[in-house]
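Participant: Next up is a structure, given as structure tokens.
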Amino acid sequence: MKRAGDEGSRFVTEQSHIGKAGEPLEGLAPVAQAEPVYDMRRLSYAGTFKNPFKAGTIRAIEWMTAKVQLLRLIRSFEKSGAPHGAPFWPKAIRHMGIRIDTPAEEIANIPKTGPVVVVANHPSGLVDGMVMAEMVCRVRSDFKILTRSLLTGIPEVEQFMIPVPFPHEENARELGLQMRDETIRHLKAGGVIILFP
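Residues 138 to 334 in the numbering used here are what the sequence shown lists, from first letter to last.
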């Protein structure tokens, strides 16, 4: 017999009796399925390498640089109530203390409808995508960002992401074709693609 909280348990009584999967017992309410939680350990490029030496080296470099500070920012942002969808971007930018000084007339150049490809430099890593998303989101929210797959598991913004494989991944060619197909479909539907070559 499974206990409440065990993986796969579905129905709970006050006495913690469990019905068989798919068979609700009289007087019992179904237990809500929890949303998957983003695993912060995935916020690493190390997992894309099979070679343990390469993975270990990447992990060490990440920890010696700004990963700890980034994880603290992410945790405090989550505690503040990270919104889902378009409201995520401006709140995340404010939470990080970033000020975007782009004149309104420049933002007005973003077409309100129709397919658009936004190509930008990428000097600041993760922040660049967030800033670009916040600016495009002022005009429209039908955009997708081409990003490394390690960032696609964030439930609040996964709808805005198209994963880009690393060249060293075993199935990089297949994943690259999937990325291309999804990008073309989104543009044909009249959406915006943001990429950082």
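We put the CB at the ideal spot given by N, CA and C, even for glycine. Model, not experiment: these values are computed from the prediction.
1) Nearest CA to the CA of Met233: which residue from Val273, Leu324, Arg212?
2) Have a look at Val329 and Thr194 and give me their C-alpha separation to the nearest angstrom.
3) As a quick exercise: from Pro334, Pro227, Lys325, pick the residue whose alpha carbon is nearest that of Gly251.
4) Suppose the cutoff is 7 Å on Cβ atoms and the five residues either side in sequence are ignored; what does the same chain contact list for Ala229 look like?
5) What is the residue span of the beta strand (DSSP E) that Lys281 lies within?
6) Answer with buried or exposed for Pro334, where buried requires no fewer than 16 other C-beta atoms within 10 angstroms of its C-beta.
7) From the DSSP output, in three-state form, read off Pro300 for me.
8) Taking the beta strand (DSSP E) that Val254 falls in, what are its first and last residues?
9) List in chain order: all unbroken beta strand (DSSP E) runs of 3+ residues lying wholly within the stretch 195 to 264.
10) With which residues is Tyr332 paired in a DSSP beta bridge?
11) Taking the straight line between their C-alpha atoms, what separation do you get for Glu307 and Ile247?
12) Nearest-angstrom Cα distance between Glu243 and Lys281?
13) If you check the beta carbons only, do Ala309 and Pro300 fall under 9 Å apart?
14) Measure the alpha-carbon distance for Trp226 versus Phe186 and round it to whole angstroms.
15) Who are the Cβ neighbours of Arg336 in its own chain at under 7 Å, not counting the five residues just before and after it?
16) Drop a sphere of 10 angstroms on the beta-carbon of Pro260, count the other beta-carbons inside from all chains shown, and report buried for 16 or more, exposed for fewer.
Facilitator: Let me lay it out:
1) The option with the nearest alpha carbon to Met233 is Arg212.
2) Going by the C-alpha atoms only, they are around 36 Å apart.
3) From the listed residues Pro334, Pro227, Lys325, the smallest Cα separation to Gly251 is found for Lys325.
4) So the list reads Phe214, Met267, once near-sequence residues are dropped.
5) First-last of the beta strand (DSSP E) with Lys281: 280 to 285.
6) Looking at its Cβ environment, which holds fewer than 16 other Cβ atoms inside 10 Å, Pro334 is exposed.
7) It is a strand residue.
8) Per DSSP, the continuous beta strand (DSSP E) segment holding Val254 begins and ends at 253 to 256.
9) 253 to 256, all fully within the stretch 195 to 264.
10) The sequence as given places Leu at residue 332; Tyr does not occur at that position. DSSP, once it has assigned bridges, lists Val256 as partnering Leu332.
11) Taking the CA atoms as reference points, Glu307 sits about 37 Å from Ile247.
12) Their Cα atoms are separated by approximately 20 Å.
13) No, the pair does not count as a contact, with Cβ atoms beyond the cut-off.
14) Trp226 and Phe186 have their C-alpha atoms spaced approximately 30 Å apart.
15) Nothing in the structure corresponds to residue 336, since the chain is present only between 138 and 334.
16) Exposed is the label assigned to Pro260, since fewer than 16 other Cβ atoms lie within 10 Å of its Cβ.
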